[in-house]
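Residue numbers (the working numbering), protein chains in the order written: chain A, 478 to 580; chain B, 98 to 254; chain C, 8 to 281. Okay, structure first, notes after.
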Amino acid sequence: MPDPSRIRANVVGDSTEVKVLMNHEMETGQRKDAQGKVIPAWFIQDVTATWNGKTVLAAQWGPAVAKNPFLSFKFKGGAKGDKVVITWVDNRGEKRTDEATIA
Amino acid sequence: MNLQRRKALRTGGGMTLLTLVAAAGWLRAEDAQAAEWNKAAFETNSMDATMKALGGGTPAQSKDIAFFQTPDIAENGAVVPIGITSNIPKTESIAILVEKNPNMLAAVFDVPAGTDPSLSTRIKMGQSSNVYALVKADGKYFVASKEIKVTLGGCGG
Amino acid sequence: MKTSRSRRAARLVAAASVVALAATAFGQSNTADEIAKYRAALQDGNPAELWEARGEGMWKEPRGPAKVSLEKCDLGMGPGVVKGAYTQLPRYFADADRVMDLETRLVWCMVKIQGYTEADAKKNPFGAGNDRKADMEALVAYVTSESRGIKMNVPQSHPKEREAYALGEKMFFFRGGTHDFACSTCHGEDGKRIRLQDLPNLTTKAGAQKAYTTWPAYRVSQGELRSFQWRLNDCFRQQRFPELVFGSDASIDLTTFLAVNANGAAFDAPAIKR
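Spelled out as structure tokens, the structure:
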């Protein structure tokens, strides 16, 4: 079970600002280990963010996104107490969903 | 996804920026959950062909795409902060491409209506390179670029 | 650099750089500005928080052969008191009759409370990727995060604490290894630099404060949260010194010297660095 993402969602004016830190190796598949063997690519491919069930961001990533990815975005709407849900799926098929309450 | 796009995906290598863009599978928000990860788009690596394609009238240079919180020099290429704001009306997607990375496309963000066409993330850069912010707005493509120098500091630790 | 031998050594150490920065009329000041911008941009969203969360869970979870949590561990301010504890470490502990830094004290608690062997508690102190995470670094991240904003106040009241400081000071200025380096070679004067990194002068109050209060840190180049034990260990590696053994008296003495020199400044970690 992958480690949880850290999500902060805050009301800013008439919008909600979301900042996410995800726990992921984001291995490019370009590196070799000490024995010279290629370390297989392992990275988040899909990210979805929803607010009260509505998709507010969708992304497709490659391994060039940095390790322990950080993401920041803003959407109109959102009130204290609403839920923002962030889901990621990686190339191994592993998935992680976390929820945050808008503050 | 239409048949033309599927064909483009299957042919694979030697993609121009136009085909890259077409194949990038710009998702509608409602498709997001179901859409397959666009493998071919993330495996292109030729910028020459891309520049030729740009000359051919594909993505237009735009002064309405701005980088923010994006330094000119990255102390380490493993983590390069990139912030992009599109001031082009009806922005649907924002993508980040790194010219000199082994594969150009780093990320594609679909921006549904109601979400600010402004976001930031962090990418890896293998070396100093131009970074492209590619925006799809109202069915058309626009691009802005910024050069970011990558260094390795200290004693290499 | 004073001698030509250390100048040569410095050139050897400053090995292949990825890209040479073109010299411009603006020179160093423009580069320094851009580096400052890079560092500022990194502050928004520190992956160290992921370690802090994991460490907090680990602190509270019953673990080890005894299946007990660390919540009764005494870090110097009483059993279970985590808030501010890092600002008073290293310090003398009567139950161990020695000066301990955070990591050695955590090892002590893991052994005495949780039933781990010392070898197991000291195993894998520095993580290497998501497949080889270091519990120790997570615990350090959590404990240090509870000292954020609190002034450094490392004690020198016990004779062993003063002895540790004196030995640490000696170590700081001790030249050795194949390159005849001491810590002071890089960190003993103002205005020193390795490639793009301005080196802090750790012999000044301001330099020591700024450096010590920003560790542990998420090191971008490492992709890991790195502790002060790691920082010293890696300095030794870069100086071509023998390995600074994890949790050794030498590491505690050197830490004591540097930590005491930082007294008075507000602790500001876990930070994020290149």
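C-beta atoms are modelled at their ideal positions from N, C-alpha and C, and glycine is treated no differently.
Item                                                                                                                       : Value
M107 (chain C) - partner residues in DSSP beta bridges                                                                     : C:R98
N227 (chain B) burial status per 10 Å Cβ neighbour count (16 or more: buried)                                              : exposed
8 Å Cβ cutoff, F164 (chain B) in contact with chain F                                                                      : Looking for chain F here will not work: the only protein chains present are A, B and C.
First and last residue of the uninterrupted beta strand (DSSP E) at P178 (chain B)                                         : 177-183
Other residues of its chain near K197 (chain B): CB distance less than 6 Å, five sequence neighbours each side excluded    : Q224, S226
Through-space distance from I185 (chain B) to N148 (chain C), alpha-carbon basis                                           : A quick correction: the sequence has Ala, not Asn, at residue 148 (chain C). Approximately 42 Å, taken between the alpha carbons.
Stretch-stretch touch, CB-based, cutoff 8 Å, three pairs: the stretch 74-86 of chain C with the stretch 263-270 of chain C : no
One or two residues paired with S215 (chain B) in a DSSP bridge                                                            : B:T182
Assigned exposure category for E250 (chain C) - 16 Cβ within 10 Å defines buried                                           : exposed
Every unbroken beta strand (DSSP E) within the stretch 491-554 of chain A, with a cutoff of 3 residues, ordered by chain   : 492-498, 521-528, 531-538, 547-553
Chain C contact residues for A544 (chain A), given Cβ-Cβ distances below 7 Å                                               : Reading off the sequence shown, one finds Lys at residue 544 (chain A), where the question assumed Ala. Here the neighbours are G230.
Interface residues of chain C facing T182 (chain B) [CB-CB closer than 7 Å]                                                : Residues of chain C passing the Cβ test: none, with the nearest at roughly 15 Å.
DSSP bridge partner residues for P86 (chain C) (one or two, in chain order)                                                : C:D81
Where Y282 (chain C) falls: helix, strand or coil (DSSP)                                                                   : Limits of chain C in this structure are 8 at one end and 281 at the other, which puts residue 282 (chain C) out of reach.
Paired residues, beta bridge with D142 (chain C) - DSSP                                                                    : None, per the DSSP bridge assignment.
Sequence-distant residues of its chain with Cβ nearer than 8 Å to R200 (chain C) (five each side left out)                 : L206
Exposed unless 16 or more other CB atoms sit within 10 angstroms - verdict on S258 (chain C)                               : buried
Nearest residue (CA-CA) to E244 (chain B), options B:F139, B:V177, B:A210                                                  : B:V177
DSSP state of S152 (chain C) mapped onto helix, strand, coil                                                               : helix
Contact list for the stretch 53-87 of chain C against chain A, Cβ threshold 7 Å                                            : P54, E56, L57, A60, R61
is_contact[T532 (chain A), chain B] using C-beta, thresh 8 Å                                                               : yes
Residues of the stretch 265-281 of chain C whose Cβ lies closer than 9 Å to any Cβ of chain A, in chain order              : none
C-beta neighbour in chain A for L249 (chain B), strict 8 Å                                                                 : no
Beta carbon proximity, R573 (chain A) to chain C, threshold 8 Å                                                            : no
Close Cβ partners of A273 (chain C) (< 6 Å) along its chain, the five nearest in sequence each way excluded                : G156, K158
Opening and closing residue of the alpha helix (DSSP H) in which R125 (chain C) lies                                       : According to the sequence displayed, residue 125 (chain C) carries Glu and not Arg. Element bounds for E125 (chain C): 125-129.
Between the CA atoms of A577 (chain A) and W528 (chain A) - distance to the nearest angstrom                               : 10 Å
Alpha carbon of G558 (chain A) to alpha carbon of I579 (chain A), nearest angstrom                                         : 5 Å
Between the CA atoms of A171 (chain B) and E571 (chain A) - distance to the nearest angstrom                               : 31 Å
Chain A within 8 Å of D51 (chain C), Cβ atoms only                                                                         : yes
D142 (chain C) to M65 (chain C) span [Cα, whole Å]                                                                         : 8 Å
Between the CA atoms of P517 (chain A) and R139 (chain C) - distance to the nearest angstrom                               : 15 Å
S228 (chain C) vs A203 (chain B) beta-carbon contact at 8 Å                                                                : no
DSSP state of W565 (chain A) mapped onto helix, strand, coil                                                               : strand
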